[in-house]
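Quick mapping for you: the protein sequence lines, in order, are chains R and C.
Under our numbering, residues 1 to 175 are what the first sequence spells out, in order.
Under our numbering, residues 176 to 350 are what the second sequence spells out, in order.
Backbone N, C-alpha and C fix where the C-beta goes; we use that ideal spot for every residue, glycine too.
There are 2 protein chains.
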Amino acid sequence: MPVDGRPTRDRLIDAFESLLVSSGSRGATLDAVAAAADVSKGGLLYHFHSKDELVEGMLERLRVQGAADVEKMRTAPNGAVDFYLETSVDSGSDFDRALIATARIAQENDPRASSALADLREAWFAELREHTGDEALARTIQLIGDGLYFDDTTGLAADDALSHVRAVLSRLDVL
Amino acid sequence: MPVDGRPTRDRLIDAFESLLVSSGSRGATLDAVAAAADVSKGGLLYHFHSKDELVEGMLERLRVQGAADVEKMRTAPNGAVDFYLETSVDSGSDFDRALIATARIAQENDPRASSALADLREAWFAELREHTGDEALARTIQLIGDGLYFDDTTGLAADDALSHVRAVLSRLDVL
DNA sequence: ATCGCTGTACCGTCCAGACGGTACAGTAGA
DNA sequence: TCTACTGTACCGTCTGGACGGTACAGCGAT
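The following block contains the structure:
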């Protein structure tokens, strides 16, 4: 048991995600993850027997976080659309980090990561569709959210992007 | 000079891009690039003295392709917006591949790749803004394009996405 | 209480293979 | 002869992973 409040297992996944986000999968080596979590490499391999298990652990945590996010979206006070856009721009939350990290893994041709992401996107889309009552609009809003995400992760985000999107969606009587 | 029509130098960049797109930068090793281009490792290192030079070569070619794309966008018969959306969805063209490959490199924290991408995005935005006369709309369309790209690269593209986007943009009197 | 044992939570070292890169000798075609 | 390669033989470093060892908390039987 670690002295510190957050369990070592979670700290390792945190470190893995952070490294994936900041340096891509080339930088997310087991040594780097262990060092970032302030754990020895042996310690890391105690919790996760292989790099593959580390990925699995991250995806499992993402699914839990994702289910909670969809629930929050469903009951958001300003509506699902606003909640979706707001959380599409990287706020630096744990869930954002997990999502970006998973996208990195998915790009490396990991079918588990791709399907975890696909499941989440489907759930989001179902919410958007229900709240707008319009499939085309829901799909478009989801694309805008994806665009916000992509820009953030490529480090090319325009700071006024979200307000511009809100202005345009107002003209469509959404928001 | 190779017997084959396409110069070896270009074939090497092609192979590098293809590997980046299909397996990420972890899979794009010098050995793999050389093998995919049907060139010996020595032959690769004859053209590019280091992996860094390979990246540089790819970025230089992207800039040339990018300038041509912006020009085509400016003079597109169906308008810049339609052209932009059409080319945002991965058609498998050389330019698409170059763009996705560069995004992969940019995610690995390469400032040269990021700035090459930023320059291109700025040029596209300027075109969109000029053709719509509306900054908020231009920014939103660019985000939709980014979303289309992101979905393609993550392997989660909805096949009806583009037609849905067109339907929504029609309501805004664009297209 | 204490002895023996188990499970948890690590640490530190070692290793095979992959990777980027170097060096150089050889060769087919213009 | 020069260009454009091929092929082979390396080197040093990094990486994932295996392995053995350590420390300690808890727990049932004696």
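Can you name the start and end residues of the alpha helix (DSSP H) that residue i belongs to?
i               : result
S91 of chain R  : Run containing S91 of chain R: none; DSSP gives neither H nor E here.
A76 of chain R  : No alpha helix (DSSP H) contains A76 of chain R, which DSSP labels as neither H nor E.
S198 of chain C : T183 to G202
A212 of chain C : From DSSP, A212 of chain C is part of no alpha helix (DSSP H); its letter is neither H nor E.
Could you check if residue i is buried or exposed, using at least 16 other CB atoms within 10 Å of its CB as the buried criterion?
i               : result
T250 of chain C : exposed
D244 of chain C : buried
V178 of chain C : Its pLDDT being 40, under 50, V178 of chain C is placed unreliably by the model, and the measurement read from it follows with that caveat. Exposed, since its Cβ has fewer than 16 Cβ neighbours within 10 Å.
Y149 of chain R : buried
E108 of chain R : buried
E297 of chain C : exposed
M176 of chain C : Reliability fails at M176 of chain C, whose pLDDT of 42 lies under 50, so the model's placement of it is uncertain and the value that follows must be treated cautiously. Exposed: under 16 other Cβ atoms inside 10 Å.
A126 of chain R : exposed
H164 of chain R : buried
G217 of chain C : exposed
S215 of chain C : exposed
For residue i, which residues of its own chain have a beta-carbon under 8 Å away from its beta-carbon, when the five flanking residues on both sides are left out?
i               : result
F258 of chain C : K247, M248 and A251
I316 of chain C : V256, Y259, L260, L303, T307, L344 and V349
A98 of chain R  : E17, M58, R61, L62 and Q65
G254 of chain C : H306 and L350
L220 of chain C : L205
D38 of chain R  : R11
From the options, pick the residue whose C-alpha is nearest to that of residue i; which is it?
i               : options                           : result
E235 of chain C : C:D265, C:S290 and C:N284         : C:S290
G267 of chain C : C:L187, C:R314, C:T328 and C:P182 : C:T328
L194 of chain C : C:R181, C:A209 and C:S338         : C:A209
L172 of chain R : C:L331, C:L312 and C:F270         : C:L312
D10 of chain R  : R:G57, R:S25, R:S23 and R:S40     : R:G57
L170 of chain C : R:L162, R:E135 and R:D134         : No answer is possible for residue 170 of chain C: the residues shown for chain C start at 176 and end at 350.
D294 of chain C : R:A32, R:D52, R:A28 and R:G155    : R:G155
G199 of chain C : R:P111, R:D159, R:D38 and R:I105  : R:I105
S22 of chain R  : R:V89, R:D146 and R:A101          : R:A101
K51 of chain R  : R:P7, R:V89, R:L12 and R:S88      : R:L12
D189 of chain C : C:F270, C:A288 and C:R314         : C:F270
D159 of chain R : R:P7, R:V89 and R:A67             : R:V89
A167 of chain R : C:W299, C:L292 and C:R314         : C:R314
L292 of chain C : C:D326, C:A242 and C:A332         : C:A242
Using a Cβ-Cβ cut-off of 7 Å (strictly less than) and excluding sequence neighbours within five positions of residue i, which residues of its own chain qualify?
i               : result
G27 of chain R  : L19
A32 of chain R  : L19
E310 of chain C : R304
Check whether the Cβ of residue i lies closer than 7 Å to any heavy atom of the ligand HEM, and answer yes or no.
i               : result
A332 of chain C : With respect to the ligand HEM, the structure shown offers nothing to examine, as it has no ligands at all.
Going along the chain, which residues of its own chain have a beta-carbon closer than 6 Å to the beta-carbon of residue i, five neighbours each way excluded?
i               : result
A288 of chain C : T277, I280 and A281
Inset, instruction - For the segment 297-349 of chain C, list the alpha helix (DSSP H) runs that are entirely contained and at least 4 residues long, ordered along the chain. - result: Taken in chain order, the whole alpha helix (DSSP H) runs of length 4 or more contained in the segment 297-349 of chain C are 310-328 and 336-346.
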